[in-house]
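Engineer: So the sequence shown is numbered by our numbering: it starts at 18 and just counts up by one. By construction, the Cβ of each residue, glycine as well, lies at the ideal position given by its N, Cα and C atoms. Got a structure for you, written out below as structure tokens; questions coming shortly.
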Amino acid sequence: MQDIITYTRDVRNRYQLILDIPDAARRKVIDARTGLDAFFRGTPVPGGRPFIYLAEFSAFETEEQAVIEPLSRIALGAMPFKIHLKGYGQLNRAEIYIRIAETGWITALISRIAGAKVPWSDERFNPLPRISLARNLQPWQFEQGWALYGHEPFQSRFILNGMLLLKQSPGYRSWQIVRRFLFENQLIAD
Numbered sequence: 018m019q020d021i022i023t024y025t026r027d028v029r030n031r032y033q034l035i036l037d038i039p040d041a042a043r044r045k046v047i048d049a050r051t052g053l054d055a056f057f058r059g060t061p062v063p064g065g066r067p068f069i070y071l072a073e074f075s076a077f078e079t080e081e082q083a084v085i086e087p088l089s090r091i092a093l094g095a096m097p098f099k100i101h102l103k104g105y106g107q108l109n110r111a112e113i114y115i116r117i118a119e120t121g122w123i124t125a126l127i128s129r130i131a132g133a134k135v136p137w138s139d140e141r142f143n144p145l146p147r148i149s150l151a152r153n154l155q156p157w158q159f160e161q162g163w164a165l166y167g168h169e170p171f172q173s174r175f176i177l178n179g180m181l182l183l184k185q186s187p188g189y190r191s192w193q194i195v196r197r198f199l200f201e202n203q204l205i206a207d
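Here you go:
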């Protein structure tokens, strides 16, 4: 009798690493998005919860733990920090976003993540941390939207004490929370 060999195909998931903002700041961002959507019916406003995007990558399901471990070490060594959202900005005359006043801490965190030895592929790291209100705007939409929001004040301050790792499995549109990493400011020895 012959043995039957079955092969299981390893699933390749997409992952996002984000900074989730607190409820009070989230409500202010949602109000700004709602105002922009009321101004333009059908504006390509990103749905869901507002967040600050750090990185996106792909990895196989079996390597998920190898992705989580280095990210956990980075988070353990990071200190909670204050974020100040201040005003609106534009990118390439096609996106309107909320500015982060001081991005030094976030870019340092992104640099540490990019330098980690992690088995990921198709990685992209965010060069400009921000909270997007509308993307892929047509030139006429951008001109009218920027005239409305370009000089509007926006202020919010909060403490961030963690980051989220989200996973999107093939064939699904929704994202699942894989792990919440808390910033604990611990001394980590390599």
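1) For Arg90, does the three-state DSSP call read helix, strand or coil?
2) Specify the secondary structure class of Lys45 as computed by DSSP and reduced to three states.
3) Please list the segments of the alpha helix (DSSP H) lying wholly inside the stretch 88-162, counting only runs of 4 or more residues, in order along the chain.
4) In this structure, does DSSP put Gln203 in helix, strand or coil?
5) Can you tell which of Trp192, Ile47, Arg44, Phe68 has the C-alpha that lies nearest to the C-alpha of Asn143?
6) Taking Phe171 and Leu102 to be in contact with their CB atoms under 8 angstroms, please state how far apart those CB atoms are, rounded to whole angstroms.
7) Are there 16 or more other CB atoms within 10 angstroms of the CB of Met96, so buried, or fewer, so exposed?
8) Would Pro118 be called buried (16 or more neighbouring beta carbons within 10 Å of its own) or exposed?
9) Looking at Glu73 and Arg141, is the spacing between their C-beta atoms short of 9 angstroms?
10) If we count the other Cβ atoms within 10 Å of its Cβ and call it buried at 16 or more, is Ala133 buried or exposed?
11) Look up Arg29 in the DSSP assignment and say whether it is helix, strand or coil.
12) Taking the alpha carbon of Asp139 as the reference point, which residue from Ala131, Leu145, Pro146 has its own alpha carbon closest?
13) When we look at the beta-carbon of Leu126 and count the other beta-carbons within 10 Å, is it buried (16 or more) or exposed?
14) Pull up the DSSP beta-bridge partners for Ile38, would you.
15) Can you have a look at Arg174 and say buried or exposed, based on whether 16 or more other CB atoms are within 10 angstroms of its CB?
16) Please report the distance separating the alpha-carbon of Gln158 from that of Ile115.
17) My output table needs one value for Ile85: the three-state DSSP class, helix, strand or coil.
18) CB-CB under 7 angstroms to Glu80, same chain, minus the five flanking residues each way: which ones, in chain order?
19) By how many angstroms is the C-alpha of Leu34 removed from the C-alpha of Ile113?
Structural biologist: Walking through what the data contain:
1) helix
2) helix
3) Whole alpha helix (DSSP H) segments, 4+ residues: 121-131.
4) Three-state DSSP puts Gln203 in coil, outside helix and strand.
5) Phe68
6) 6 angstroms
7) exposed
8) According to the sequence shown, residue 118 is Ala rather than Pro. That one is exposed.
9) yes
10) Ala133 is exposed by the Cβ-count criterion.
11) strand
12) Ala131
13) buried
14) Answer by DSSP bridge pairing: none, since Ile38 is not bridged.
15) exposed
16) Rounded to the nearest angstrom, the two C-alpha atoms are 17 angstroms apart.
17) helix
18) Pro136
19) Distance from the CA of Ile113 to the CA of Leu34, rounded to the nearest whole angstrom, comes to 22 angstroms.
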